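Student: Below you will find the structure I want to go over with you.
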């Protein structure tokens, strides 16, 4: 597999999820799940209408299937993009603003948030646009999707076909432990020579039944000649069902993590474990349990702890929920069967939770609360904090003449944090290291804000300043205040 590059012009983009609706071939009924759309509206008085969705609700479900195939919760993406192939000029589509708002609701983004939405004439064009958006840093997660004109019927009716591929930069995919299906070339096409895969053009490597754990049957890939909208989006086989019909069948895929990593965080001991399931409505929840039960009954693996981890961390949590508790695979399967049948079981707890996703924001503080040995314990106990602090130290040391870690530890000869030329850069370094520690543990803020000098740290974390530029700014700020110390003065706020 090619190595990722820090140069955006050579950024490697990979596919991490895919879905392809072919009702006539797979047995999928193609019917639109009304609960899935109704639950998407954060405001019940302003529901998402089928007409507001580009290509209709069945297509929107395919977007969701691709996300669940990858084990990605879209609300955690900072800048998601949606790139749609429109097969002809006579296709009637909703207005851009209306379509983007509806897509944001269906993807369960923050209330009022919308993805970057673009319409392209063909599937390869959509793939290329998604690729370029990721390379430019315009998006951090991109869906390329479109109808399959080789099948009869309109995609929004459920009679036709529809394909979707989820893309991400290789470096980010590796950092997040994503399963990599295929690599895209700079022209927006799959590259198989560099990756070692030799599938037909447009076929996503690694999406066959053995890779996905799917049992819905294979479907032809895009190596069948088809120059129209969805060419390049058809996987070799699809293992992810519609959201309302229990999209948990691929739970073992998401649990695998990065290549070479352990399959789960827990061992195989027979201890009580929770499996958390959710769906848009009660019927969908039972269907989800039924399909997961069928899938796990048909496949010897995976480890119950890996299934539990995937269900908890790689799925959006819908409002209708159930928690299954069991001290082994057999007991958990019995609980799944009870949930699927709608019966009572002591190992099954049902309930409802909030549909809206509560978002986090990071507020970076200014000076005034620092103290000797601040964060010294974190330097010893948190590898993530220590790594980030050392990065800040490398950026600050040539400017300040002292080492951040020495100041934080109160090392002999190090200056104390009681003058602005020390406290401002030191507080900056601690704020950056704290934020990167939270990020390393999976917390994804929707916004960064800063108070006073914290604005510089916020600007760096948001991508507006490089670490080196931010270090120069806090050093200059601290040096200026140190020079003015003892001479009085006022503060001026400028809007």
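In our numbering, the protein residues as written are 204 to 698. For glycine and all other residues, C-beta sits at the position ideal for the given N, C-alpha and C. Quantities reported herein were computed from a predicted structural model and do not represent experimental measurements.
1) Are residue 280 and residue 344 touching if we call contact CB-CB under 7 Å?
2) Compare the Cα-Cα distances from residue 628 to each of 645, 658 and 607 and report the closest residue.
3) Does the distance from the C-beta atom of residue 369 to that of residue 259 stay below 7 Å?
4) So which of 264, 378 and 271 has the shortest CA-CA distance to residue 194?
5) Can you tell me the Cβ-Cβ gap for residue 613 and residue 576, rounded? I've got them flagged as a contact below 8 Å.
6) Exposed or buried, which one is residue 272 when buried takes at least 16 other CB atoms within 10 Å?
7) Out of 374, 371 and 347, which has the shortest C-alpha to C-alpha gap to residue 287?
8) Does the separation of the CB atoms of residue 622 and residue 685 fall below 7 Å?
9) Only counting runs of 3 or more residues, tell me where the beta strand (DSSP E) segments fall wholly within the region 555-605, in order along the chain.
10) Is any beta-carbon of chain D found at less than 7 Å from that of residue 572?
11) Among 657, 644, 671 and 539, which residue has its Cα nearest to the Cα of residue 596?
12) Whole angstroms is fine: what's the gap from residue 371's alpha carbon to residue 616's?
13) Can you tell me whether residue 630 is buried or exposed, with buried defined as 16 or more other CB within 10 angstroms of its CB?
14) Would you report the Cα separation of residue 532 and residue 639, rounded to the nearest angstrom?
15) Output the boundary residues of the beta strand (DSSP E) element that contains residue 223.
16) Taking the alpha carbon of residue 366 as the reference point, which residue from 339, 481, 267 and 224 has its own alpha carbon closest?
17) In its own chain, which residues sit with a C-beta less than 7 Å from the C-beta of residue 543, not counting the 5 before and 5 after it?
18) Measuring straight from C-alpha to C-alpha, what distance separates residue 318 and residue 634?
19) Taking its Cβ as the centre, do 16 or more other Cβ atoms sit within 10 Å of residue 574, making it buried, or is it exposed?
20) Identify every run of the alpha helix (DSSP H) within the region 465-526, keeping only runs that are complete inside it and at least 4 residues long; order them along the chain.
21) So what does DSSP say about residue 279, is it helix, strand or coil?
22) Relative to the C-alpha of residue 604, which residue among 592, 585, 663 and 625 is closest?
23) Could you pull the start and end residues of the alpha helix (DSSP H) that residue 633 belongs to?
24) Tell me whether residue 555 is buried or exposed, calling it buried when 16 or more other Cβ atoms sit within 10 Å of its Cβ.
25) What residue range is occupied by the uninterrupted beta strand (DSSP E) comprising residue 675?
26) Go through its chain and collect everything with a Cβ distance to residue 195's Cβ below 7 Å, but skip five positions before and after it.
27) Going by the CB atoms, is the gap between residue 636 and residue 564 shorter than 7 Å?
28) In terms of DSSP beta bridges, what is residue 286 paired with?
29) Measure how close the beta-carbons of residue 341 and residue 274 come, nearest whole angstrom, since I'm counting them as under 8 Å.
30) So, is residue 500 buried or exposed, given that buried needs 16 or more other C-beta atoms within 10 angstroms?
Tutor: Taking the geometry as given:
1) As a first step, residue 280 is located in the chain shown; it is residue number 77 there, counting from the start. As a first step, residue 344 is located in the chain shown; it is residue number 141 there, counting from the start. Contact flag set, yes.
2) The residue labelled residue 628 in the question sits at position 425 within the chain shown. Checking every option, the nearest Cα to that of residue 628 belongs to 607.
3) On the chain shown, position 166 is the one that residue 369 refers to. On the chain shown, position 56 is the one that residue 259 refers to. No.
4) No statement about residue 194 is possible, as the shown extent of the chain runs from 204 to 698 and does not include it.
5) For the purposes of this step, residue 613 is taken as residue 410 along the chain shown, with counting starting at 1. For the purposes of this step, residue 576 is taken as residue 373 along the chain shown, with counting starting at 1. The Cβ separation is near 5 Å, so the contact holds.
6) Numbered from 1 along the chain shown, position 69 holds the residue referred to as residue 272. So residue 272 counts as buried.
7) As a working mapping, residue 287 is identified with position 84 in the chain shown. Proximity to residue 287 across 374, 371 and 347 peaks at 347, based on C-alpha coordinates.
8) Position 419 of the chain shown, counted from the first residue, corresponds to residue 622. Position 482 of the chain shown, counted from the first residue, corresponds to residue 685. Closer than 7 Å, so yes.
9) 564-567
10) In the structure shown, chain D cannot be found, because there is only a single protein chain.
11) In the chain shown, counting from the first residue as 1, residue 596 sits at position 393. For the residues 657, 644, 671 and 539, the minimum Cα distance to residue 596 belongs to 671.
12) Reading the chain shown from its first residue, position 168 is the one you call residue 371. Reading the chain shown from its first residue, position 413 is the one you call residue 616. Each residue's alpha carbon lies about 47 Å from the other.
13) In the chain shown, residue 630 corresponds to position 427, counting from 1. With 16 or more Cβ atoms within 10 Å of its Cβ, residue 630 is classed as buried.
14) Indexing the chain shown from 1 puts residue 532 at position 329. Indexing the chain shown from 1 puts residue 639 at position 436. Taking the straight line from one Cα to the other gives about 37 Å.
15) In the chain shown, counting from the first residue as 1, residue 223 sits at position 20. From DSSP, the beta strand (DSSP E) with residue 223 extends over 216-224.
16) Locating residue 366 in the chain shown gives position 163, where the first residue counts as 1. Of the candidates 339, 481, 267 and 224, the one whose C-alpha sits nearest the C-alpha of residue 366 is 224.
17) Your numbering for residue 543 matches position 340 in the chain shown. For residue 543, where only same-chain residues beyond five positions count, the Cβ hits under 7 Å are 489, 492, 493 and 496.
18) Taking the chain shown and counting its residues from 1, one reaches residue 318 at position 115. Taking the chain shown and counting its residues from 1, one reaches residue 634 at position 431. Cα to Cα, residue 318 sits roughly 29 Å from residue 634.
19) Counting from 1 along the chain shown, the entry for residue 574 is found at position 371. Answer is exposed; the Cβ neighbour count stays below 16.
20) 485-501 and 507-516
21) Counted from its first residue, the chain shown places residue 279 at position 76. Note: residue 279 maps to helix in three-state DSSP.
22) Position 401 of the chain shown, counted from the first residue, corresponds to residue 604. Comparing Cα positions, the closest option is 625.
23) The residue labelled residue 633 in the question sits at position 430 within the chain shown. Start and end: 623-643.
24) Along the chain shown, one-based indexing puts residue 555 at 352. With fewer than 16 other Cβ atoms within 10 Å, it is exposed.
25) Stepping through the chain shown from its first residue, residue 675 is reached at position 472. Unbroken run through residue 675 is the alpha helix (DSSP H), 670-687; no beta strand (DSSP E).
26) An answer regarding residue 195 cannot be provided, because it is not within the stretch 204 to 698 covered by the chain.
27) Counted from its first residue, the chain shown places residue 564 at position 361. Counted from its first residue, the chain shown places residue 636 at position 433. For residue 564 and residue 636, no; Cβs fall outside 7 Å.
28) As a position in the chain shown, residue 286 is number 83, starting the count at 1. Its beta-bridge partners are 321 and 347.
29) For this step, residue 341 is matched to residue 138 along the chain shown. For this step, residue 274 is matched to residue 71 along the chain shown. Rounded to whole angstroms, the Cβ separation of residue 341 and residue 274 is 23 Å, and the two are not in contact under 8 Å.
30) To locate residue 500, count along the chain shown from 1; it is residue 297. Flag for residue 500 reads exposed.
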